[in-house]
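Residue numbers (UniProt numbering): 1 to 522.
Notes for the one structure printed next.
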Amino acid sequence: MSIEAHGPGLLQEVKMADQSLLSESALGWSIFALVFLVILSFSWVYIRKYQSRQESEVISTITAICALAIALITSALLPVDIFLVSYMKHPNGTYKEWAEHNETRGQIEDTVLYAYYSLYSILLFCVFLWIPFVYFYYEEKDDDNINKCSQVKNALKYTIGFIIVCAALLLIGAFVPLEAPPNQNGTQWEKMQYLFEELGNNHGVPALSFSISSLTLIGMLAVITYTAYGMSVLPLNLIKGTRSVVYERLENTEDIEEVENQMEKIKAKCEDGRPLSSRDRRNLQEFEDKLQILLGIFFILFALLFVVALFISNLDKALHSAGITSGFMVFGTNLTNPLNELLLTLQPVFPLDYVLITVITMYFVFTSMAGIRNMGIWFFWIRLYKIRPKRTRPQALLFLCMILLLIVLHTSFMIYSLAPQYVMYGSQNYLLQSPMPPGNNTTWTTKTCDADAPQDECTVTRSYLFLHKFWFFSTIYYFGNWVFIGVFLIGLLVSCCKGKKSVIEGEVEADDSDMSEDEYVH
């Protein structure tokens, strides 16, 4: 029977529900579009900052900017996913009118899923085809006796190996059974037929999920190597890189805004072309040193909050999880995680949680860059490249971009480790019927959605379903988080024991074979 047959009242309710659905969905996607533009601008500025002035290449620059932007945009989709599933329900645990039907909720979830499809497919294209091809193209360009056609041919030849690896990962993910076939005694053909049917029903999600999860394992190694060390070395370099007398004079009541205002007043004196006096130069240097110390204190406090939250989450999994074969899944909230609670508090006031997720992601990028700049890019014991502002070769820029891409890709898993309840369900609640003696009225209790909640009462984010299909990946991430914490503590101890960093440390060295001598003139 048509809607019109039920009368104009029902038709009006349907229209109002559709309008509510469109307005709330549009809010999440409009903010995502704004973040998209900001990310493109940031990627352009960031890559241009490190690009060599002597050996810049248009193709490598565009490749690096686009790949980094796609990775950041993918991480920016997570808060939108959480926002949409959270706004399907009222705070009391009931579904909103427009989300009462499974079909409506499925449409919203499919929109997010298709966005993940597109972005993760582009990431696979970048990692296994685009970046390797451009890298090998410029490696061949160093040979003066080779023409353009041979450059392209040789670059494609080396890139084929990456394409084979990508195809292998997709095939493994497509045909690794997540569940045992229903007919264990069937023929091999029936079992293969079951696998193909599952592949069709899942729309290829396991294949793409397995490939992306495999890349995040490499990203986890990069996070352990560069980000953990960068989280310790960046703030301490900012603090120790200033004169000790400034540190002693710095008072707790001073803040960054006050210091910046005083710096601007001094700089305004020389806007008409007059040079600063020696006193003003000293004051300006002193304020810059103070600002550096304040930034260092902020970074170290943020790092400690991050590590504490990660430790509590891992400890909770160690004590209360369902075990190693479940990927250390935790049912319910057992230990209070400060970052998880903060994100759950901010989530209803969208986009405050979006801002915090952005801060966490960019913190990962900046601390990773600090680790990469201090350590350089290595292949086992061989140093390949050094990363420095305005002095990074095209090949090194592509390597840098690949590492940052993998690190950002791993960020979604790290955020889940830090705030599992937030990533799985957002701020959703559900109604639980309380057991009562016979003859008494039924009472309902509002509970927070968690892994123990009924499946039809809480909607899981597409991000969680997409990236946690294979339990063994979650298990590896669990142990990787412990290694991350250990490397951070070791890096913090080493950074505390080291003296001040030299102004030219890492800029000019005797074995600096990857830079031309002309660059040291500047």
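From the three backbone atoms N, C-alpha and C, an ideal C-beta is built for every residue, glycine too.
Keep in mind the model is a prediction, meaning the values are calculated, not measured.
Since I believe residue j is in contact with residue i (beta carbons under 8 Å), could you give me their beta-carbon distance rounded to a whole number of angstroms?
{"i": "Ser118", "j": "Leu169", "result": "That pair is no contact at about 18 Å."}
{"i": "Leu124", "j": "Phe162", "result": "Actually they are not in contact, since the Cβ atoms of Leu124 and Phe162 sit about 10 Å apart, beyond 8 Å."}
{"i": "Ala76", "j": "Phe32", "result": "6 Å"}
{"i": "Ile172", "j": "Phe210", "result": "6 Å"}
{"i": "Val408", "j": "Phe466", "result": "Contact doesn't hold; Cβ gap of about 16 Å is too wide."}
{"i": "Thr361", "j": "Leu72", "result": "7 Å"}
{"i": "Tyr385", "j": "Arg393", "result": "7 Å"}
{"i": "Leu405", "j": "Cys126", "result": "7 Å"}
{"i": "Gln428", "j": "Lys89", "result": "5 Å"}
{"i": "Leu398", "j": "Tyr50", "result": "Actually they are not in contact, since the Cβ atoms of Leu398 and Tyr50 sit about 11 Å apart, beyond 8 Å."}
{"i": "Thr448", "j": "Leu432", "result": "Not confirmed; about 10 Å, so no contact."}
{"i": "Thr74", "j": "Tyr120", "result": "7 Å"}
{"i": "Tyr138", "j": "Gln395", "result": "6 Å"}
Alpha helix (DSSP H) containing residue i: first to last residue?
{"i": "Thr159", "result": "148-175"}
{"i": "Arg383", "result": "Here Arg383 belongs to no alpha helix (DSSP H); instead the beta strand (DSSP E) covers 382-385."}
{"i": "Asn481", "result": "471-497"}
{"i": "Val134", "result": "131-141"}
{"i": "Val233", "result": "228-240"}
{"i": "Met220", "result": "205-222"}
{"i": "Leu100", "result": "According to the sequence provided, residue 100 is Glu. The question's Leu does not apply to it. Counting along the chain, Glu100 falls outside any alpha helix (DSSP H), and DSSP gives it neither H nor E."}
{"i": "Leu335", "result": "Counting along the chain, Leu335 falls outside any alpha helix (DSSP H), and DSSP gives it neither H nor E."}
{"i": "Phe128", "result": "No alpha helix (DSSP H) contains Phe128, which DSSP labels as neither H nor E."}
What did DSSP end up calling residue i once you bin it into helix, strand or coil?
{"i": "Arg391", "result": "coil"}
{"i": "Tyr87", "result": "coil"}
{"i": "Ser56", "result": "coil"}
{"i": "Val35", "result": "helix"}
{"i": "Val246", "result": "With a pLDDT of only 45 at Val246, under 50, the local geometry of the prediction cannot be trusted, and no value is derived from it."}
{"i": "Glu254", "result": "With a pLDDT of 49 at Glu254, under the threshold of 50, the modelled position of that residue is not reliable, and the figure given next carries that caveat. Three-state DSSP puts Glu254 in coil, outside helix and strand."}
{"i": "Thr411", "result": "helix"}
{"i": "Cys458", "result": "coil"}
{"i": "Tyr194", "result": "Interpretation of Tyr194 is limited by its pLDDT of 49, a score under 50 that renders its predicted location unreliable; no figure is taken from the coordinates."}
{"i": "Ile122", "result": "helix"}
{"i": "Pro79", "result": "helix"}
{"i": "Ala71", "result": "helix"}
{"i": "Gln347", "result": "coil"}
{"i": "Ala64", "result": "helix"}
{"i": "Ala303", "result": "helix"}
{"i": "Ile370", "result": "Residue 370 is actually Ala in this sequence, not Ile. In the structure shown, Ala370 sits in a helix (DSSP, three-state: H, G or I)."}
{"i": "Val521", "result": "Its pLDDT being 33, under 50, Val521 is placed unreliably in this model, and the coordinates cannot settle the point."}
{"i": "Ala419", "result": "coil"}
{"i": "residue 523", "result": "Limits of the chain in this structure are 1 at one end and 522 at the other, which puts residue 523 out of reach."}
{"i": "Met1", "result": "Its pLDDT being 43, under 50, Met1 is placed unreliably in this model, and the value from its coordinates should be taken loosely. Three-state result, Met1: coil."}
{"i": "Pro181", "result": "Bear in mind that the predicted position of Pro181 carries a pLDDT of just 49, short of 50, making it unreliable; the figure below should be weighed with that in mind. Of the three classes helix, strand and coil, the one that applies to Pro181 here is coil, per DSSP."}
For residue i, which residues does DSSP report across the bridge?
{"i": "Pro434", "result": "Checking the sequence shown, residue 434 turns out to be Ser, not Pro. Per DSSP, Thr443."}
{"i": "Ile377", "result": "Tyr385"}
{"i": "Gln51", "result": "Thr392"}
{"i": "Asn429", "result": "Thr448"}
{"i": "Tyr95", "result": "Lys89"}
{"i": "Val330", "result": "Ser321"}
Please indicate yes or no: does the CB of residue i lie closer than 8 Å to some heavy atom of the ligand ZN?
{"i": "Thr104", "result": "No copy of the ligand ZN occurs in the structure displayed, which carries no ligand at all."}
With a threshold of 9 Å between beta carbons, is residue i in contact with chain B?
{"i": "Ser150", "result": "The structure shown has no chain B; it contains just one protein chain."}
Does the region 74-83 touch the region 422-430, meaning 3 or more C-beta pairs lie closer than 8 Å? Flag = yes, the region 422-430 and the region 74-83 touch.
Taking one C-beta from the region 130-137 and one from the region 58-69 each time, how about it: are there three or more such pairs within less than 8 Å? yes
Given 8 Å as the limit, is there contact between the region 471-488 and the region 337-351, that is, 3 or more CB pairs closer than that? no
Quick test of the definition: if touching needs 3 or more C-beta pairs under 8 Å, does the region 364-383 touch the region 213-232? yes
So, does the region 339-353 touch the region 41-61, judging by three or more C-beta pairs under 8 Å? no
Using 8 Å as the Cβ pair cut-off and three pairs as the minimum, do the region 457-465 and the region 105-116 touch? yes
Three CB pairs or more closer than 8 Å across the region 466-475 and the region 319-328: yes
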